[in-house]
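Worksheet: one structure, shown below.
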Amino acid sequence: MKPNIIIISSVHNWNDTRIFYKEATSLEKKFNVELHAIANFKNKKINGIYVKGLPNYKSRILRPLNWIKLLNRIIKSKSKVIHFHDPELIILGLFFKLFTNKKIVYDIHEDYTKTILNKSWLGPLWLRNIIAKIYNSIEDIISSFFDLNIIVLDKWSNKYKNPLVIKNYPIVEDLNFKNLEKNDHIVYIGSLGKKRGIEEMIESFNRISNKNITFDLIGKWDTESIREKMLPKINSNENINFLGYLPINEAKKYLKEAKLGFCLYTDKKHEENIPVKMYEYLSYGTPVLYSDFESWKNKIGKEGWGIAADPFDVEEISKIIDEYFEDNKFNYYFNNCLQYRDKYNWENEETKLLNSYNYILQERGEN
């Protein structure tokens, strides 16, 4: 009989790619999985996973109501593992570790001390610094009690006890590249905001001399002000195909067709971790034009599946695009994409995740 596990989040939507489509879907192969997360329904069984919805409270003050709901649901459940995703649930994780025999898995998506510094609603910077230091100390102590601390970066392994590095690599689709038709298209999929380089992407594309290139732009606007600023520039260029938000099953059509993908982030906080969108481009044989952050160049530049550019220099970016298509540089980078796409594959991370779950359960003879 499969052991029961419960995955909880009071912040993320139930269909979050990493939580549902990667981790929960992988774990369902060996375990009975319940997922409790934000949803506009109460109960559904989706792809073999029991999804239990939580209300999406708009006010942060009401969010503790979901903590109480999760506490009651876990007490009533027969789960042998509690897998939680949000730092605000860390006390809940400690409670069940100290007062039950359940195994506790803490899934750490990012450096939360840095995240706290960026949350202006917490008050002035000096106060956020104090809160960040306090949380860092609390997390160091409490996480040491947990059976697994899932992290996304190798360099965090020294910070956490019982670390498990699970990279956020894409689910690589089995494709026949011989029959895949690539066109003179550039693609961008993601948030449309200042820190993601939307202004520089549009401005540089408007300056290219090759008027046979199409730019497929897919995503949601970060703010109304950036939408109002950029839409006139988008609409003035008939070669920009603005598609708005698309589900990944629809968006991947454009990933497959493109010969180049944009990832020109302007915020250096992303430098330590390569965004998953770049690996998604790679998995579809689409080379990437990316910000010239040193750590990104050290990996992508060496492996040769992308081109670095100053994300603020629109003249340089437009020149790179023109030369890329004029000199038919696509084939070189495309071949490197095919060489490395299987290296950055969720299938490898799934194996690590399942093996680690088996290990912590075997410790008590549950599997």
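Okay, so the sequence shown: first residue is 241 according to the working numbering, each after it adds one.
Glycine residues also receive a C-beta, built at the ideal position from the N, C-alpha and C atoms.
Within a Cβ cutoff of 7 Å, which residues of the same chain sit near residue i, ignoring the five residues on either side of it in sequence?
{"i": "Lys509", "result": "Lys354"}
{"i": "Pro551", "result": "Gly437, Glu440, Leu504, Tyr505, Thr506, Ser531"}
{"i": "Ile314", "result": "Ile246, Ile322, Phe336"}
{"i": "Glu589", "result": "Ile406, Lys407, Tyr409"}
{"i": "Ile442", "result": "Met470, Lys473, Ile474"}
{"i": "Ile344", "result": "Ile322, Gly333, Phe336, Lys337, Phe386, Asp387"}
With a cut-off of 9 Å, does the C-beta of residue i fall near any C-beta of chain C?
{"i": "Ile453", "result": "Of the protein chains in the structure, only one exists, and it is not chain C."}
Specify the secondary structure class of residue i as computed by DSSP and reduced to three states.
{"i": "Trp545", "result": "coil"}
{"i": "Val412", "result": "coil"}
{"i": "Leu357", "result": "helix"}
{"i": "Ser531", "result": "strand"}
{"i": "His510", "result": "helix"}
{"i": "Asp456", "result": "strand"}
{"i": "Phe324", "result": "strand"}
{"i": "Ile348", "result": "coil"}
{"i": "Leu420", "result": "coil"}
{"i": "Lys284", "result": "strand"}
{"i": "Gly433", "result": "coil"}
{"i": "Tyr428", "result": "strand"}
{"i": "Asn296", "result": "coil"}
{"i": "Tyr290", "result": "strand"}
{"i": "Leu388", "result": "strand"}
{"i": "Lys539", "result": "helix"}
{"i": "Lys569", "result": "coil"}
{"i": "Lys343", "result": "strand"}
{"i": "Ala491", "result": "helix"}
{"i": "Leu267", "result": "helix"}
{"i": "Asn576", "result": "helix"}
{"i": "Lys583", "result": "coil"}
{"i": "Lys318", "result": "coil"}
Taking residue i as part of the alpha helix (DSSP H), name the residues at either end of that continuous run.
{"i": "Val273", "result": "First-last for Val273: 272-278, but that is the beta strand (DSSP E), not the alpha helix (DSSP H)."}
{"i": "Ser250", "result": "Per DSSP, Ser250 belongs to no alpha helix (DSSP H); it is in the beta strand (DSSP E), 244-253."}
{"i": "Leu365", "result": "365-383"}
{"i": "Tyr505", "result": "Run containing Tyr505: none; DSSP gives neither H nor E here."}
{"i": "Pro403", "result": "Segment 403-405 is the beta strand (DSSP E) holding Pro403; no alpha helix (DSSP H) there."}
{"i": "Thr257", "result": "Neither: Thr257 is in no alpha helix (DSSP H) and is coded neither H nor E."}
{"i": "Thr463", "result": "From DSSP, Thr463 is part of no alpha helix (DSSP H); its letter is neither H nor E."}
{"i": "Ser596", "result": "586-602"}
{"i": "Ile301", "result": "Segment: none, Ile301 is in no alpha helix (DSSP H) and carries neither H nor E."}
{"i": "Leu522", "result": "516-523"}
Got a sec? Which residues, its chain only, sit under 6 Å from residue i by beta carbon, not counting five neighbours each side?
{"i": "Asn450", "result": "Asp562, Phe565"}
{"i": "Gly546", "result": "Pro527, Val528, Tyr530, Ile540"}
{"i": "Ser444", "result": "Val554, Ile557, Ser558"}
{"i": "Glu497", "result": "Asn423, His425"}
{"i": "Phe324", "result": "Ile248, Gly333"}
{"i": "Ala372", "result": "Thr353, Ile356, Leu357"}
{"i": "Lys284", "result": "Val291"}
{"i": "Ser535", "result": "Glu511"}
{"i": "Ile306", "result": "Reading off the sequence, residue 306 comes out as Asn, not Ile. These residues qualify, in order along the chain: Ser250, Leu294."}
{"i": "Lys537", "result": "Ala548"}
Just to check my reading of the structure: residue i and residue j have Cβ atoms closer than 8 Å, yes? What is that Cβ distance to the nearest angstrom?
{"i": "Asp414", "j": "Asn452", "result": "Their Cβ separation, rounded to whole angstroms, is 31 Å, which puts Asp414 and Asn452 out of contact at 8 Å."}
{"i": "Asn585", "j": "Leu393", "result": "Between Leu393 and Asn585 the Cβ distance is about 18 Å, and since that is not below 8 Å, they are no contact."}
{"i": "Ile259", "j": "Ile247", "result": "7 Å"}
{"i": "Val427", "j": "Asp456", "result": "5 Å"}
{"i": "Tyr346", "j": "Ser383", "result": "6 Å"}
{"i": "Ile466", "j": "Leu432", "result": "7 Å"}
Identify which residue in the options has its Cα closest to the Cα of residue i.
{"i": "Gly293", "options": "Ser431, Ile370, Pro487, Ser250", "result": "Ser250"}
{"i": "Asn287", "options": "Leu275, Asn416, Tyr297", "result": "Leu275"}
{"i": "Val412", "options": "Thr454, Leu500, Ile488", "result": "Ile488"}
{"i": "Leu593", "options": "His349, Ile330, Lys262", "result": "Lys262"}
{"i": "Tyr521", "options": "Lys537, Arg581, Ile474, Asn571", "result": "Arg581"}
{"i": "Lys542", "options": "Trp461, Asp567, Cys577, Pro364", "result": "Cys577"}
{"i": "Leu601", "options": "Phe570, Asp387, Ile391", "result": "Asp387"}
{"i": "Met518", "options": "Phe533, Glu534, Gly501", "result": "Gly501"}
{"i": "Asp326", "options": "Glu478, Lys270, Thr591, Ala277", "result": "Ala277"}
{"i": "Ser523", "options": "Lys493, Glu534, Ser535, Asn538", "result": "Lys493"}
{"i": "Ile348", "options": "Lys401, Ser317, Glu268, Arg303", "result": "Lys401"}
{"i": "Pro403", "options": "Asn389, Lys473, Leu305", "result": "Asn389"}
{"i": "Thr591", "options": "Ser266, Trp254, Asn255", "result": "Ser266"}
{"i": "Thr257", "options": "Glu328, Val516, Leu362, Lys499", "result": "Val516"}
{"i": "Asn575", "options": "Lys343, Phe417, Leu486", "result": "Phe417"}
{"i": "Lys569", "options": "Gly544, Lys583, Lys395", "result": "Gly544"}
{"i": "Val273", "options": "Tyr297, Pro243, Lys399", "result": "Pro243"}
{"i": "Trp254", "options": "Glu350, Phe271, Glu268, Phe281", "result": "Phe281"}
Starting from the C-beta of residue i, find all residues in its chain whose C-beta is less than 8 Å away, skip the five residues before and the five after it, and write them out in chain order.
{"i": "Ala549", "result": "Leu504, Leu529, Tyr530, Ser531, Asp532, Glu556, Ile557, Ile560"}
{"i": "Ala264", "result": "Ile247, Val273, Leu275, Ile289"}
Are there any heavy atoms of the ligand SAH lying less than 8 Å away from the beta-carbon of residue i, as far as the coordinates show?
{"i": "Glu555", "result": "The ligand SAH is not part of the structure shown, which contains no ligands of any sort."}
Output the boundary residues of the beta strand (DSSP E) element that contains residue i.
{"i": "Asn450", "result": "It is not in any beta strand (DSSP E) - Asn450 carries neither H nor E in the DSSP assignment."}
{"i": "Asn611", "result": "Since the displayed the chain opens at 241 and closes at 607, residue 611 lies outside it and no answer follows."}
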